[in-house]
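See below for the structure under consideration.
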Amino acid sequence: MAWTDYIDDYCERTEPGLLAEPLNALSNLAFIIAAVALWLAVRRTAPARPGSLYVLAVLLALIGLGSGAFHTIATGWAQFLDVFFIAVFIHVYVVCFLHWFLGVRWSLAWLGAPGFALFNALMAWITGGEGSASYFPAIIGLAAFTIVLSASKDPALVRYRLWFGAATGAFAVSLTLRSVDLAVCPTFTPGTHFLWHSFNACVLYLVGRAAVVRARELTPEV
218 MAWTDYIDDY CERTEPGLLA EPLNALSNLA FIIAAVALWL AVRRTAPARP
268 GSLYVLAVLL ALIGLGSGAF HTIATGWAQF LDVFFIAVFI HVYVVCFLHW
318 FLGVRWSLAW LGAPGFALFN ALMAWITGGE GSASYFPAII GLAAFTIVLS
368 ASKDPALVRY RLWFGAATGA FAVSLTLRSV DLAVCPTFTP GTHFLWHSFN
418 ACVLYLVGRA AVVRARELTP EV
């Protein structure tokens, strides 16, 4: 597929044009709203303002912009931006989780990014990595985070299982909505992909805000 090829993958799009997916495009505002809310939450983190958390807020906004570009311009390069910023957020969050929740120092926590990339490649080899299957590693990762926190002997960590459990459940709903988009097309012409955006914005805000609250607990010790 060339960078400029036209892509029509979603129920709502029936023809080329910037406004051919109004709900899919506008629903990306949820990511922008979540990014602003997360940024403001980081600003309130005292006495320090951890840069890694600001990075999460910026990446959350870029997800909205990348996805917005894809659902308006609908070309190969726009699709790349859509997928790229989501992937970067996920890998950076793995690093942040290792540091803020498990106490791994940054120099070692960054090994989590290539580690997750290898896991992602393995899952892509097993499942084919197409469509919604490409997000299986993400939901497995969220579930794993929930289990790790639930099994912790530190009561301060155990309480975060509710944050990640809720994020895992919301992402399961989100992934289902993404998967049934084309199937519901005959009876619900807008499709369900716009709801995928809305739920995902909530998921990413939840995990981002959990990291902010945890950092506030640890600052300035960490």
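Position one of the sequence shown corresponds to residue 218 (this note's numbering), numbered consecutively onward.
Yeah, the Cβ is synthetic: ideal placement off N, Cα and C, and Gly gets one too.
Since the model is a prediction, treat every value here as computed from it, not as a measurement.
According to DSSP, what are the bridge partners of Y352? Per DSSP, none; premise fails for Y352.
For the pair the region 402-415 and the region 365-373, tell me if three or more CB-CB distances fall below 8 Å. Cβ pair count under 8 Å is below three, so no.
7 Å Cβ cutoff met for L392 and S349: Against a cut-off of 7 Å, the Cβ pair of S349 and L392 comes out as a contact.
Cβ distance (whole Å) where V259 is taken to contact V309 below 8 Å: The Cβ separation is near 14 Å, so there is no contact.
Hey, quick one: how far does the alpha helix (DSSP H) through T409 stretch, first residue to last? DSSP places T409 outside any alpha helix (DSSP H), giving it a letter other than H or E.
From the DSSP secondary-structure annotation, give me the bridge partner or partners of Y377. Looking at the DSSP output, Y377 sits in no beta bridge, so it has no partner there.
Between which two residues does the alpha helix (DSSP H) containing C313 stretch? 293-317 is the span of the alpha helix (DSSP H), which, as asked, contains C313.
Using only CA atoms, which one of M340, T221, W220, Y227 lies nearest to V481? An answer regarding residue 481 cannot be provided, because it is not within the stretch 218 to 439 covered by the chain.
Anyone know if the C-beta pair for F248 and L276 falls short of 7 Å? No; because the gap between Cβ atoms is not below 7 Å, this pair is not in contact.
Environment of L279 [buried if 16+ CB atoms lie within 10 Å]: With 16 or more Cβ atoms within 10 Å of its Cβ, L279 is classed as buried.
Rounded separation between F318 and L270 - CA only: It is roughly 13 Å from the alpha-carbon of F318 to the alpha-carbon of L270.
Which residues DSSP lists as bridging Y223, in chain order: For Y223, which the question treats as bridged, DSSP gives the partners T292.
Check for me: the alpha helix (DSSP H) holding S324 runs from which residue to which? From DSSP, the alpha helix (DSSP H) with S324 extends over 323-326.
Quick test of your reading: G320 and D299, contact by CB under 8 Å. State the CB separation rounded to the nearest angstrom. Rounded to the nearest angstrom, the Cβ distance from G320 to D299 is 34 Å, too far for a contact under 8 Å.
Where E434 sits in the DSSP three-state scheme: In the structure shown, E434 adopts helical secondary structure according to DSSP, grouped into three states.
Should L162 and Y422 be called a contact, given that it needs their Cβ atoms to be closer than 7 Å? No information on residue 162 is available, as it lies outside the stretch 218 to 439 that the chain covers here.
Spatially closest choice to P403 from E229, I224, A219, T221, by CA coordinates: Nearest to P403 by alpha-carbon distance, out of E229, I224, A219, T221, is E229.
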